Amino acid sequence: MPAPGSELQRPPSPPAAQKPRARPQPPPHGELQYLGQVEHILSCGARKHDRTGTGTLSVFGMQARYSLRDEFPLLTTKRVFWKGVLEELLWFIKGSTNAKELSSRGVKIWDANGSRDFLDSLGFANREEGDLGPIYGFQWRHFGAEYKDKDSDYSGQGVDQLQKVIDTIKTNPDDRRIILCGWNPKDLPLMALPPCHALCQFYVVNGELSCQLYQRSGDMGLGVPFNIASYALLTYMIAHITGLKPGDFIHTLGDAHIYLNHIEPLKIQLQREPRPFPKLRILRRVEKIDDFKAEDFQIEGYNPHPTIKMEMAV
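Mapping of the sequence shown onto UniProt numbering: position 42 corresponds to residue 42, and the numbering continues sequentially without gaps.
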C-alpha cells in the first residue's frame, strides 16, 4: 500500500507503434480515362440520329487530362495511325485545304470529304475535287481572309492565329487569351466539314506549356484517339519553339458519341489492358513552326495492341 497522501505512479505507456509509411502510388494510366469514357457512353449514352445516318450513342460533356511529362498519349489498347496524326498536323500548320496534298503523303483520311460525290452533295459542284474549303489550316493561318480556292496564295491575308499564339507565349506567357480557333461562323457554309475540334487554349506555368481543347463533336472510336495525339503533338511542338516543357493536355468533349457500328469493336478494345505510353523525341532544334518536318519526330517504345478495324462515318 502506498503511504497516505502519496500518489500512485503509473508506469509510462509504451510508445505507440508507428504505422509504416505507405509508398506513394503511381498515378493511374492516362488511357483508363478514355476507356472509362467509352464504357460510360456504352452504358448511359442516349440513342441519337446524326448527319451521317449511322446512328450514335451520345453523352454531352466529358473531360480527361493527359500528362505530357516524359510520355506521349498515343493510345495503346489499339494501334493509332501515328503517321496520319503527324502528317495531318503538318498539313494544318501549312494552311493547306487540299485533301490531295495530304493523300500524296500516304494519308487518305480526308479523301472521302474531298471526293467529287461528297462535294457535289454539298452544292460545291464548281469546286475542284480535293478542295475542302476554309477548314482548320486556313482558319489557323488566315482567319478572316476571303477564301477563293485551295490553290490561291493567301500570304499576309487574315490573322495568323498560330503565330500569334507562339508570339504571345514568348512575350506574355501569363496572358489568358492564348487561343487558337477553327470555328468561323462566316466560313462554315464553305467548309466540306465544319471543325470538330473547334478551339484550344494554351497555359504557361512553372516552365511548362499545357493545352486545353474544346471538341464540339467527338467520335470516340476513330476520331478521339487521333485528336488526343494531334493536340498533344501540337503542344510538344509549340513548347519546343518557345523553350518550355510539355505539361498537360486537357481534352473537353461536347457531344461525345459512339457510332452504332463501332460498338462491337470498342467492346473488344475495352477487354485490353493499357500498356505504357511511348515517348516522343524531337530530333533537331527547330526555331519556327513552319520549319518542322515529319522526319523531325520519333516515337519510342510504342508497343500497342493490334489494330481494330472501324468504318469511318462520312
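C-beta atoms are modelled at their ideal positions from N, C-alpha and C, and glycine is treated no differently. Keep in mind it's a predicted model, so treat the numbers as computed, not measured.
Does DSSP put residue i in a helix, in a strand, or in coil?
i      : result
Pro304 : coil
Ala232 : helix
Val286 : coil
Leu199 : strand
Ser96  : coil
Asp219 : strand
Ala112 : helix
Gln269 : helix
Thr171 : helix
Ile238 : helix
Ser6   : For Ser6, the pLDDT reaches just 49, beneath the cut-off of 50, and the residue's location in the model is therefore unreliable, although a value from the coordinates is still provided. DSSP places Ser6 in coil when its eight states are reduced to three.
Ile299 : strand
Val38  : helix
Leu193 : coil
Leu260 : helix
Ala313 : coil
Asp187 : coil
Ala125 : coil
Lys83  : helix
Ala294 : helix
Leu119 : helix
Taking the alpha-carbon positions, what's the residue i to residue j distance?
i           : j      : result
Arg285      : His240 : 8 Å
Cys211      : Arg127 : 35 Å
Gly114      : Arg105 : 16 Å
residue 317 : Thr242 : Since the first residue shown for the chain is 1 and the last is 314, residue 317 is missing from the structure and cannot be characterised.
Gly156      : His142 : 8 Å
Thr97       : Ser152 : 10 Å
Lys170      : Val205 : 13 Å
Ile166      : Thr235 : 11 Å
Leu180      : Leu270 : 33 Å
residue 327 : Asn261 : No statement about residue 327 is possible, as the shown extent of the chain runs from 1 to 314 and does not include it.
Phe297      : Gly223 : 22 Å
Pro195      : Gln63  : 19 Å
Cys44       : Gln37  : 10 Å
Asp160      : Glu287 : 17 Å
Glu311      : Tyr259 : 9 Å
Arg116      : Ser103 : 15 Å
Pro28       : Glu129 : 46 Å
Trp140      : Gly158 : 10 Å
Glu146      : Asp131 : 15 Å
Ser6        : Arg23  : Because Ser6 sits at a pLDDT of 49, beneath the cut-off of 50, its placement in the model cannot be relied upon, and the following sentence gives the value as read from the coordinates. Near 49 Å, if we compare the C-alpha coordinates of Arg23 and Ser6.
Lys164      : Pro225 : 27 Å
Could you check if residue i is buried or exposed, using at least 16 other CB atoms within 10 Å of its CB as the buried criterion?
i      : result
Gly61  : exposed
Ala232 : buried
Gly144 : exposed
Asn184 : buried
Glu87  : buried
Lys150 : buried
Gly53  : exposed
Asp120 : exposed
Val25  : Note that residue 25 is Gln in the sequence shown, not Val. The residue is exposed, with fewer than 16 neighbouring Cβ atoms inside 10 Å.
Asp70  : exposed
Leu253 : buried
Asp174 : exposed
Leu283 : exposed
Verify whether the separation of the beta carbon atoms of residue i and residue j is less than 8 Å.
i      : j      : result
Gly182 : Leu209 : no
Leu122 : Ala198 : no
His305 : Lys78  : yes
Gly221 : Leu266 : yes
Pro276 : Leu32  : no
Asp255 : Ser217 : yes
Ala99  : Trp110 : yes
Lys279 : Phe72  : yes
Gly137 : Leu190 : no
Leu42  : Ile178 : no
Leu57  : His257 : yes
Ile268 : Ile228 : no
Glu300 : Arg281 : yes
Gly84  : Tyr154 : no
Pro135 : Asp290 : A small correction: the amino acid at residue 135 is Ile; Pro does not occupy that position in the sequence shown. For Ile135 and Asp290, no; Cβs fall outside 8 Å.
Val314 : Phe81  : no
Leu68  : Phe202 : no
Leu89  : Ser230 : yes
So if DSSP puts residue i in a beta bridge, which residue, or which two residues, is it bridged to?
i           : result
Glu245      : Residue identity check: residue 245 is Lys in the sequence provided, not Glu. In the DSSP output, where bridge partners are listed per residue, Lys245 has Glu208.
Ser67       : Asp248
Phe62       : Before going on, a small fix: residue 62 reads as Met here, not Phe. In DSSP, Met62 forms a bridge with Leu253.
Lys164      : According to DSSP, Lys164 bridges with nothing at all.
residue 334 : Residue 334 is absent from the model: the chain starts at 1 and stops at 314.
Ile179      : Gln201
Val159      : Phe143
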